[in-house]
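Chains A and B are the protein sequences, given in the same order.
Residue 95 in numbering that gives the first Met the number 0 sits at position 96 of the first sequence; the count goes up by one each step and never skips.
Residue 52 in numbering that gives the first Met the number 0 sits at position 53 of the second sequence; the count goes up by one each step and never skips.
From the three backbone atoms N, C-alpha and C, an ideal C-beta is built for every residue, glycine too.
The structure displayed is predicted, hence computed values, not measured ones.
There are 2 protein chains.
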Amino acid sequence: MNRRSFHRAPEGERRQELIEATLDCISEFGLKGATVRQIAIRAGVTAGLVRHYFESKDQMVAEAYRAVIASLTEKASQVEGDPETRLRDFIAINLTEPVADSRSISLWAAFISQVRVDPVLSEIHREGYLAFRKTLQDLLTDFLAAKGKPADAETCRAFAIAINGLVDGLWVEGCLAGDLFREGELVAIAMSSVEALLGTSIGTAKQ
Amino acid sequence: MNRRSFHRAPEGERRQELIEATLDCISEFGLKGATVRQIAIRAGVTAGLVRHYFESKDQMVAEAYRAVIASLTEKASQVEGDPETRLRDFIAINLTEPVADSRSISLWAAFISQVRVDPVLSEIHREGYLAFRKTLQDLLTDFLAAKGKPADAETCRAFAIAINGLVDGLWVEGCLAGDLFREGELVAIAMSSVEALLGTSIGTAKQ
DNA sequence: GCAGCTATTATTCAAGCGTATAATAATGCG
DNA sequence: CGCATTATTATACGCTTGAATAATAGCTGC
């Protein structure tokens, strides 16, 4: 009765693999299909190892949620260039892969459905949401100022709420039924909608 | 060892109670917390009864999802009056209770997270989404025509996608963090955003 | 190249899951 | 009223779950 051979993963790596495997399982099988055993199989280890890296399965799932939020907000906050370019890129990034795909929304929805149940996840969500909206609001403040438009806090807040809603809503539509839209259609609709909302060109006419 | 007394529910009623109890449990405990036993307790019956009304738990859950979709779309499609009023009501209804509350989004998210996993739920979702967007697109067609604006199919399609995104996105924001907004703020933002998008007043100036 | 440390495997456990079955209480009908 | 029907309860079954434990394989420092 020989024991399986294995190798010891370097510092922190196994932990990351387990989190990634957790997300894979949640997106493929749903939260209730993401069992400790299934996750372990996906990560190529045995189930017992989970408890060596995490206090409980719930804690691992919470950390996995942090990773999702991070990946959804991270890319959008790395935009560079002048305010107009940054605004355009912000919109485009959020409505094209890899941010906009069915895996992302499966994960997002799975966690959102638990926000009411689990206060820990609720807190993680709120932080992520506020950070995302702040990024957008700062971006809009810069943009409006550059265009010589009123950019007071209250105005920018309202625009940020509206555009955040618009982008999120289109993101959901695209993730869930991308095949119902033509290539680039959602991004184009988002761009012209934002122009209408702000009453300003954002430089998409040339395309 | 006496058996519990009970009463026989009238035609179809118990079935409805079980579906309602299923939704209660999903919104409160999440999909994996909505066990047959928990649902039965909520409905005030014993677990075995579930299989008397449904072929399986999965089938009961699928029917519960149909009920959610119906309640989300039903109210919004019952708007009446002239096109302008109907558009305004459509927006307001979707962004105020009972459509916009934390229970609704918990349910919506729980099912959305399963769309990738379960083809049955996927089909139910797609039907619901298309019906909802069609309602909105028809409404916009009427509205634009009444305003003497171009109302060709392609234009209305794009507007319907954008406004659907906007309303859905604001709905999500409001459901998840209603306390971050002032009373009526989301509706007000939605109204002025739609006016900006369509380039037309929708009669909210008087407020 | 071996001794000690610990990351990993293997096994076990009680609890909870969805479902199946049999007994029984409530109802409707003659 | 008494009997047939069936909605409902009660109990049991096999399986999966997250977690606890003990054994061990792979590294690291000496």
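One thing to note: A:Leu185 has its Cβ no nearer than 8 Å to the Cβ of A:Glu194.
Taking all protein chains shown into account, B:Gly164 has 16 or more neighbouring C-beta atoms within 10 Å of its C-beta and is therefore buried. Around the beta carbon of B:Asn93, 16 or more other beta carbons lie within 10 angstroms, which makes this residue buried. At the C-beta level, B:Asp88 and B:Val78 come within 8 Å of one another. Just so you know, the alpha carbons of A:Phe53 and A:Gly47 end up roughly 11 Å apart. Of all residues in the region 123-138 of chain B, only His124, Arg125, Tyr128, Leu129 and Arg132 place a beta-carbon less than 9 Å from a beta-carbon of chain A. Burial check for B:Phe5: the Cβ neighbour count within 10 Å stays below 16, so the residue is exposed.
B:Asp137 and B:Ala157 have their alpha carbons spaced roughly 12 Å apart. Two segments are said to touch when three or more pairs of C-beta atoms, one from each, lie closer than 8 Å; by this definition the region 143-152 of chain A does not touch the region 133-147 of chain B. If you ignore the 5 residues before and after A:Leu135, its C-beta comes within less than 6 Å of the C-beta of Ala159 and Asn163, all in its own chain and listed in chain order. For A:Gln58, no chain B residue has a Cβ inside 7 Å of its Cβ, as the nearest lies near 16 Å away. Using a 10 angstroms sphere on the CB of A:Arg181, the tally of other CB atoms stays under 16, which defines it as exposed. Closest by C-alpha distance to B:His51, out of B:Val35, B:Ala66 and B:Arg65, is B:Val35.
Judged by DSSP secondary structure, B:Ile201 falls outside any alpha helix (DSSP H); it is assigned neither H nor E. Taking the Cα positions, B:Glu73 is about 24 Å away from B:Asp117. CA-to-CA, the gap between A:Ile18 and A:Val60 works out to about 8 Å. Taking CB atoms only, A:Gln77 has no neighbour in chain B less than 8 Å away. Taking the C-beta atoms as reference points, A:Ser105 is found nearer than 8 Å to A:Ser26.
In this model, B:Ala109 and A:Asn1 are separated by some 43 Å (Cα to Cα).
Collapsing the DSSP output to three states places A:Glu79 in coil. Residues are counted here when their Cβ sits less than 8 Å from a Cβ of chain B; for the region 146-166 of chain A these are Ala157, Ile160, Ala161, Asn163, Gly164, Leu165 and Val166, given in chain order. Here DSSP, grouped into helix, strand and coil, assigns B:Asn1 to coil. Listed by position along chain B, the residues whose Cβ is nearer than 9 Å to that of A:Ser112 are Ile25, Ser26, Gly29, Leu30, Ile104, Ser105, Leu106, Trp107, Ala108, Ala109, Phe110, Ile111 and Ser112. Contact of A:Ala99 with chain B is not assigned, every C-beta pair being separated by 8 Å or more. Of the residues assessed, B:Ala189 falls on the buried side of the cut-off, its CB having 16 or more other CB atoms within 10 angstroms. For A:Val171, the enclosing alpha helix (DSSP H) covers residues Ala152 to Ala176. Proximity to B:Arg115 across A:Cys155, A:Gly29 and A:Ser192 peaks at A:Gly29, based on C-alpha coordinates. Residues of the region 8-19 of chain B with a C-beta atom less than 7 Å from some C-beta of chain A do not occur.
The criterion of a C-beta distance shorter than 8 Å is not satisfied by B:Ala63 and B:Val49.
Per DSSP, B:Asp117 lies in no alpha helix (DSSP H) and is assigned neither H nor E. Taking the C-beta atoms as reference points, A:Ser103 is found nearer than 8 Å to A:Cys174. At a cut-off of 8 Å between beta-carbon atoms, A:Ser55 makes no contact with chain B. Below the 8 Å Cβ cutoff, chain B contributes Ile160, Ala161, Gly164 and Gly168 as neighbours of A:Leu169, in chain order. Positions of the alpha helix (DSSP H) runs, each at least 4 residues long and wholly inside the region 38-84 of chain B, are given as 49-52 and 56-73 in order along the chain. Neighbourhood of A:Ala176 in chain B, by CB distance below 9 Å: His124, Arg125, Tyr128 and Leu129, in chain order. Take the alpha-carbon of A:Gly198 and the one of A:Asp81: they are about 19 Å apart.
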